[in-house]
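As structure tokens, the structure follows; a few thoughts come after it.
Residue numbers (my numbering): 13 to 110.
Have a look at this one:
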């Protein structure tokens, strides 16, 4: 037996949490797809961190909404839904503070 703990899985979160992930993905993905100039202006311009955050929040939202469960140790942590929600909340905070 190994001593390390296993990463939580996305399937451990029920339907309403998956809807939250899908809403986050649709919100950020929609902003980037349909209003990129307005989003960039409101966020004070895009930089690499904001771009990666938008990509991550959108991808993790879709991954969690469809119920994908990663197998690798690091990929389980990277696809952990609360991490995606945290990134989404940080992006929302940047968006609202500018």
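Even glycine gets a Cβ: it sits at the ideal position worked out from N, Cα and C.
For clarity, every value in this text was computed on a predicted model and none was experimentally measured.
Exposure of residue i, with buried meaning 16 or more beta-carbon neighbours within 10 Å
{"i": "residue 92", "result": "buried"}
{"i": "residue 61", "result": "exposed"}
{"i": "residue 110", "result": "exposed"}
{"i": "residue 96", "result": "buried"}
{"i": "residue 43", "result": "buried"}
{"i": "residue 53", "result": "exposed"}
Assigned secondary structure, residue i (DSSP; H/G/I helix, E/B strand, else coil)
{"i": "residue 58", "result": "coil"}
{"i": "residue 47", "result": "coil"}
{"i": "residue 79", "result": "coil"}
{"i": "residue 39", "result": "helix"}
{"i": "residue 105", "result": "helix"}
{"i": "residue 30", "result": "helix"}
7 Å Cβ shell around residue i - same chain, five flanking residues per side excluded
{"i": "residue 98", "result": "none"}
{"i": "residue 55", "result": "62, 106, 107, 110"}
Residues of its chain near residue i, where Cβ-Cβ distance is below 8 Å and the 5 sequence neighbours each way are ignored
{"i": "residue 13", "result": "For residue 13, the predicted structure reports a pLDDT of 47, less than 50, and the residue's modelled location is therefore unreliable. A value from the coordinates is still provided. None."}
Do the segment 36-56 and the segment 64-78 touch if we need at least three Cβ pairs shorter than 8 Å? yes
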